[in-house]
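Numbering (the working numbering), first residue to last: 4 to 279. Glycine is no exception: its CB is placed at the ideal position from the N, C-alpha and C atoms. Everything on this sheet refers to the single structure shown next.
Now the structure itself:
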């Protein structure tokens, strides 16, 4: 295994199964990334809230949603909250699973996530949400362990339903492996989990060299806009809705990457996606 530090030359491939997911320090990750709303996340939220808000202005809801590779990040789930009757947070890392389950107890999620909800509510479609978001979050969100590279998500969750009507995937496919093939497989598994026409939103670290969380180092795949677009084109290109763009925000959360990329749109019909 070759867990290089940012800036060092990567000599070999580090696969998802080789990364120390049991050592992921969720508290350190949240403290370093989500204690305050950073400029990059604010830009992501502004794009995502308009995408989902615009979609559900003309489509029925509530629907069933999924956040693939939720990690210790709640704002993708918050972005789906007004439109869903159920949201699954699908995650591999045991510490992240424990963190997510804790956010469902007692008075629901921690106060630092309020600023993310408030940023979503700038969009009128979110601002019209009636009720307590914490109560809604606690009622409709569930946490489920799993690995997007192992098998069909529905099979792992032991459900007859094999697709979800809205989905998010944040900093997952490119942040779990150095392998471009595993990156593509991660994106494909996410897109195959969605129903035809389902709106989705995904975020990626651009040209990431890997990242530290606490004392552990995790691998990353070096991808840019072309690789992200190529990975999604077969699943959303024919819908005419696919958008892939680099964030304008110059601020970096950490060293070892060149920026952030978001991709969003609606999934193709079943006839217009590649066979497994």
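One Cα belongs to residue 233, the other to residue 156, and the distance between them is close to 22 Å.
The residues 37, 40, 44, 48, 77, 78 and 81, in chain order, have a CB closer than 8 Å to that of residue 119 in the same chain once the five nearest residues on each side in sequence are set aside.
Counting only residues of its own chain and dropping the five nearest sequence neighbours on each side, residue 112 has a CB closer than 7 Å to the CB of 77, 106, 137 and 140. Look at residue 269 here: in three-state DSSP terms it is strand. Inclusion of residue 87 and residue 57 in the CB contact set at 8 Å is not warranted, their separation being larger than that value.
Here residue 34 is exposed. Its C-beta has fewer than 16 other C-beta atoms within 10 Å.
Around residue 18, the same chain offers 180, 182 and 185 as residues with beta carbons nearer than 7 Å, after the five sequence neighbours per side are excluded. The shortest CA-to-CA distance from residue 149 to any of 262, 95, 42 and 99 is the one to 95.
Around the beta carbon of residue 61, fewer than 16 other beta carbons lie within 10 angstroms, which makes this residue exposed.
In this structure, DSSP gives residue 257 a state outside helix and strand, which the three-state scheme calls coil. When the five nearest sequence neighbours on each side are left out, no beta carbon in the same chain lies closer than 7 Å to the beta carbon of residue 215. Non-local beta-carbon contacts of residue 122 in its own chain, meaning distances under 7 Å to residues more than five positions away in sequence, involve 40, 45 and 48 in chain order. Pairing residue 134 with residue 21, the inter-Cα distance amounts to about 43 Å.
Shown here, residue 90 sits in a strand according to DSSP, grouped into three states. Residue 52 holds the alpha-carbon nearest to the alpha-carbon of residue 125 among 199, 83 and 52. Around residue 277, the same chain offers 237 as residues with beta carbons nearer than 6 Å, after the five sequence neighbours per side are excluded.
DSSP places residue 66 in the uninterrupted beta strand (DSSP E) bounded by 66 to 71. Looking at the DSSP output, residue 167 bridges to 197. Counting other Cβ atoms within 10 Å of its Cβ, residue 70 reaches 16 or more and is therefore classed as buried. For residue 206, the enclosing beta strand (DSSP E) starts and ends at 202 to 209. Pairing residue 266 with residue 248, the inter-Cα distance amounts to about 7 Å.
When secondary structure is reduced to three states using DSSP, residue 262 falls in the strand class.
The three-state reading of DSSP puts residue 214 in strand, counting E and B together. The continuous beta strand (DSSP E) containing residue 147 extends over residues 144 to 148.
Distance from the CA of residue 89 to the CA of residue 145, rounded to the nearest whole angstrom, comes to 8 Å. The three-state reading of DSSP puts residue 41 in coil, since its state is none of H, G, I, E or B. Apart from the 5 residues on each side of it in sequence, residue 129 sits with its Cβ closer than 7 Å to the Cβ of 52, 56, 85 and 123 in its chain, given in chain order. Selection 258, 142, 132 and 268 evaluated against residue 109 yields 142 as nearest (Cα-Cα). Annotated as proximal: residue 170 and residue 203, with beta-carbon spacing under 8 Å.
When DSSP states are grouped into helix, strand and coil, residue 223 belongs to the coil group.
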